[in-house]
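J.: Each residue of the sequence shown is one higher than the one before, counting from 280 in my numbering.
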Amino acid sequence: MAVEIANLIVTLPSWGITDHPLADALAKAGPKYWVNVQISPTKTLQLTNDARQRAALRELADWDEVKDKRALNLIAANPESPEALIKFDDLVLAIKLRVQRLKYSACDDDTALALSEILRACDVDKVSPQEILVPVKTPGSGLELAKRITERAEDNELCLVLEEVEESGSVAKQLIAARQRVVRLPIFNGVKQPVEQIPSNDLPIYVLVNDVSSVSSTVDGFNRAAKDLAGLVWVTSNPGLAAYAVKKCNGTRSLEVPSLNADEILNKISTDSG
């Protein structure tokens, strides 16, 4: 039997029956770092229905004609926005027709990397992650992202915000408050569920989270299973989310990783001394 030194619960959302690519990579690489990886999505995502998709395309067409001249800022306001985009063929085509006017923004560095890869995979644009505007001081901050977009906005620029149906829309709201022109494109939604895969061994438990709802779903799952949260370690690349999770759950701590890369995450866990 392989030696294991820690457990890692991966709460990243799944698309239907397909695990998140990072969750899959972590599960495959786990044994190399002596980490027991348990995949337990706290949300199942899907594109909105046909009616909502058509409404999003109409909204874009009403605000912006293909032959318009103004700049367009495509904003991945949610970590899952890039993955939703690649699944929405008609929106990809609409964006491709406007590619000469596009600039890009994302909620954090990891999302910028994902957006860059998706744009290449869709044959839309060959933009590097470094060319995509992100918050600098506080990754994931909708307020900071909106401020940076506003500071760099061209005259009459139009912001296309890719977001989840249920989310608060902080980026879009901040842009509207700053008098920017905004088209909100809620193109995917999800069903929340509590963490179910909770290890029964006595090894330390690390939980990879990527948003506030995954923290809450983890707490719900542990409470339902009558498991103590004390000693649990939250793993994230977002300092703000780490602070929130530790404040919400007394007796827990956080482990920040430089990026959402499987080897970096597992190496950080396997060498963590508390």
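Glycine included, every Cβ here is placed at the ideal spot set by N, Cα and C.
Does DSSP put F501 in a helix, a strand or coil?
T.: Three-state result, F501: helix.
J.: Got a sec? Which residues, its chain only, sit under 6 Å from Y523 by beta carbon, not counting five neighbours each side?
T.: Taken in chain order, the list of residues that qualify is empty.
J.: In angstroms with no decimal places, state the Cα-to-Cα distance between I484 and P478.
T.: Rounded to whole angstroms, I484 to P478 spans 8 Å at the Cα level.
J.: Secondary structure at M280, three-state DSSP: helix, strand or coil?
T.: Only weak support exists for where M280 lies, its pLDDT of 44 falling under 50; the coordinates are left without a value.
J.: Are the CB atoms of L372 and I466 within a distance shorter than 8 Å?
T.: For I466 and L372, no; Cβs fall outside 8 Å.
J.: Should the segment 379-386 be called in touch with the segment 351-359, which here means at least 3 C-beta pairs below 8 Å?
T.: Yes, they touch.
J.: In the DSSP assignment, what residue or residues form a beta bridge with S533?
T.: BP columns for S533 point to W513.
J.: If I'm right that S360 touches L441 with Cβ under 8 Å, what's the distance once you round it to whole angstroms?
T.: Indeed, because the Cβ distance is near 4 Å, the residues count as touching under 8 Å.
J.: Which first and last residues belong to the beta strand (DSSP E) in which S384 is found?
T.: Here the beta strand (DSSP E) through S384 covers L381 to A385.
J.: Can you tell me where the beta strand (DSSP E) with Q317 in it begins and where it stops?
T.: From DSSP, the beta strand (DSSP E) with Q317 extends over V314 to I318.
J.: Evaluate contact between the segment 511-519 and the segment 532-543, counting only Cβ atoms and requiring at least three cross-stretch pairs below 8 Å.
T.: They touch, by the three-pair rule.
J.: Note down, in chain order, each residue of its chain lying with its Cβ closer than 8 Å to the Cβ of L437, except the 5 sequence neighbours on either side.
T.: Once the five neighbours on either side are set aside, the close Cβ partners of L437 are W342, D343, R349, A350, L351, N352, R460, V461 and V462.
J.: Shortest alpha-carbon distance to L392 belongs to which of S538, L339 and G448?
T.: It is S538 whose Cα lies nearest to the Cα of L392.
J.: Please state whether the Cβ-Cβ distance between V403 and K375 is less than 8 Å.
T.: Yes, these two residues count as a Cβ contact at 8 Å.
J.: So what's I477 in DSSP terms, helix, strand or just coil?
T.: Here I477 sits in coil by DSSP.
J.: When you compare only the Cα positions, how much space is there between I365 and S293?
T.: Cα to Cα, the separation comes out at about 15 Å.
J.: Roughly how many angstroms lie between the CA atoms of M280 and L482, to the nearest whole one?
T.: Because the pLDDT of M280 is 44, which lies under 50, any placement of that residue in the model is unreliable, and the question is left without a value.
J.: So what does DSSP say about Q325, is it helix, strand or coil?
T.: If DSSP states are grouped into helix, strand and coil, Q325 belongs with the strands.
J.: Measure the Cβ-Cβ separation of N473 and D499 and say whether it is below 8 Å.
T.: Looking at the sequence provided, one finds Pro at residue 473 rather than Asn. Yes, the Cβ-Cβ distance between P473 and D499 is below 8 Å.
J.: DSSP beta-bridge partners for R460?
T.: BP columns for R460 point to L437.
J.: Drop a sphere of 10 angstroms on the beta-carbon of Q409, count the other beta-carbons inside from all chains shown, and report buried for 16 or more, exposed for fewer.
T.: Q409 should be labelled exposed.
J.: Closest to Q476 by C-alpha separation, out of S496, A334, Y312 and R458, would be which residue?
T.: Per the Cα distances, S496.
J.: State buried or exposed for D369, treating a residue as buried only when at least 16 other CB atoms are found within 10 Å of its CB.
T.: Label assigned to D369: exposed.
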